[in-house]
Amino acid sequence: MENLTENIIGDQPYQNTILCVACMKENNGAVTFCRFCNAALSLTDNPDHLQKIAMEGAVYSKAVKVKPNIVVLVGVWLLFFPILIVSLPSAISVMFEGGGGMPSFVIFWILIIITIFSGAMLHKVTRNYYNARKAN
Ligand SMILES: [Zn+2]
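Each residue of the sequence shown is one higher than the one before, counting from 2 in the working numbering.
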């Protein structure tokens with residue numbers, strides 16, 4: 002029992018570590034920004050609500066733009082891949098069977114834009130994810 006108490010006290014610094022959501026490395030709980038990648042930490046400890054929201058936004062945008070983790074990668078694929086596999090055949094179908102005229106022309110280009118956007122989003126996040134893995 003004495004040993005157990007001693008171990009808990011001895012391990013105290015490690016219990017205060019925060020896992021960085023951007024790079025998945027452990028930081029000491031006292032720091033506000035990740036010492037590996039500079040992402041904002043301490044989301045639950047900060048009493049300032051506005052600052053908390055700003056930090057969450059910074060973590061989210063960092064995860065999407067610079068180092069997306071596996072959760073972001075899977076989320077983006079679940080969201081955009083179904084859109085991509087529906088919008089591209091729809092665009093082709095409208096092009097050949099839309100009967101011509103202004104309405105099908107507009108629908109065709111809207112579908113093409115959705116297809117390009119979804120494809121670019123998937124490409125960008127997937128590329129960033131694998132680049133981040135390689136860099137680590
Ligand atoms: Zn980090």
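Heads up, the beta-carbon is just placed ideally off N, CA and C, and yes, glycines get one too.
Exercise. Can the beta-carbon of L74 be found closer than 8 Å to that of V126?
Worked result: yes
Problem set entry | Distance cut-off 7 Å: K135 Cβ against heavy atoms of ligand 1 | no
For this session: Kindly identify the DSSP beta-bridge partner or partners of I19.
Result: N28
For this session: Please go through the same chain and pick out, in chain order, the residues whose beta-carbon is closer than 6 Å to the beta-carbon of C38, but skip the five residues on each side of it.
Result: Excluding residues up to 5 positions away in sequence, A23 and C24 lie with their Cβ nearer than 6 Å to the Cβ of C38 in the same chain.
Exercise. Would I117 pass as a contact of A92 if the rule is Cβ separation under 8 Å?
Worked result: no
For this session: Helix, strand or coil for A133, going by three-state DSSP, please let me know.
Result: helix
For this session: For the alpha helix (DSSP H) containing F82, list its first residue and its last residue.
Result: I71 to E98
Exercise. Any heavy atom of ligand 1 within a distance shorter than 7 Å of the CB on A41?
Worked result: no
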